[in-house]
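Numbering (the UniProt record's numbering), first residue to last: 1 to 163.
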Amino acid sequence: MIVRYGTEADLPALGVVELSAATLFVGTHMAWAVGQTSAPEHFHPALSQNKLWIAEDGGMPVGFLRAERLGNSFYIDEISVSASHQRRGIGRSLMQAALTEAAARRFRAASLTTDRTIPWNAPYYVQMGFRVLAADQTPPVLARRLAPQRNPARRCVMWRDLR
1 MIVRYGTEAD LPALGVVELS AATLFVGTHM AWAVGQTSAP EHFHPALSQN
51 KLWIAEDGGM PVGFLRAERL GNSFYIDEIS VSASHQRRGI GRSLMQAALT
101 EAAARRFRAA SLTTDRTIPW NAPYYVQMGF RVLAADQTPP VLARRLAPQR
151 NPARRCVMWR DLR
């Protein structure tokens, strides 16, 4: 398995990765995510800014991480790993590649939003050095990103200092 920057040729496969990854949410309050994918053009901004990382196994994308600048932070917009490749450290490898690049680009922090009640979501990011931000600690730009997400009461902003 290798982690590399994404290319235009990867984009059609990313929906397949999303579909597979979302099966983890069957039977949870996030079951709405099952069957949803992003159109390939949704990845173009990250692709054009080298903020799309691909985990490749056997020449095929099996995971990806998409990021963007959001305020002063390097915002992890999505990380997905195919169900058949989960629990092998692929998500951690994608995150490490992205965070290394974010630090090299002199971002002061990385951020993301996630579900605080799914047992494997927020704890996974805590293991990677993120912490949950209280509402009064959340930068306004991240609070605005969180507001329209499904069931904002279950969602949280997570933060990791990079300096």
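Using N, Cα and C, we set each Cβ at its ideal position, and we do this for glycine too.
| message | Tell me which residues share the same chain as Pro-12 and place their Cβ nearer than 8 Å to its Cβ, disregarding the 5 neighbours each side in the sequence. | response | Pro-40.
| message | Tell me the rounded alpha-carbon separation between Glu-68 and His-42. | response | Answer to the nearest angstrom: the Cα atoms are 12 Å apart.
| message | In the DSSP output, what is Asp-161 paired with across the bridge? | response | Its beta-bridge partners are Ala-109.
| said: Measuring only the C-alpha atoms, how far is Arg-92 from Arg-116? | reply: Straight-line spacing of the CA atoms in Arg-92 and Arg-116 works out to 19 Å.
| field | Every unbroken beta strand (DSSP E) inside the region 29-68 [3 residues or more] | value | Within the region 29-68, the beta strand (DSSP E) runs of at least 3 residues that lie entirely inside it are, in chain order, 52-57.
| task | Starting from Ile-90, follow the alpha helix (DSSP H) in both directions and report where the run begins and ends. | result | Start and end: 90-104.
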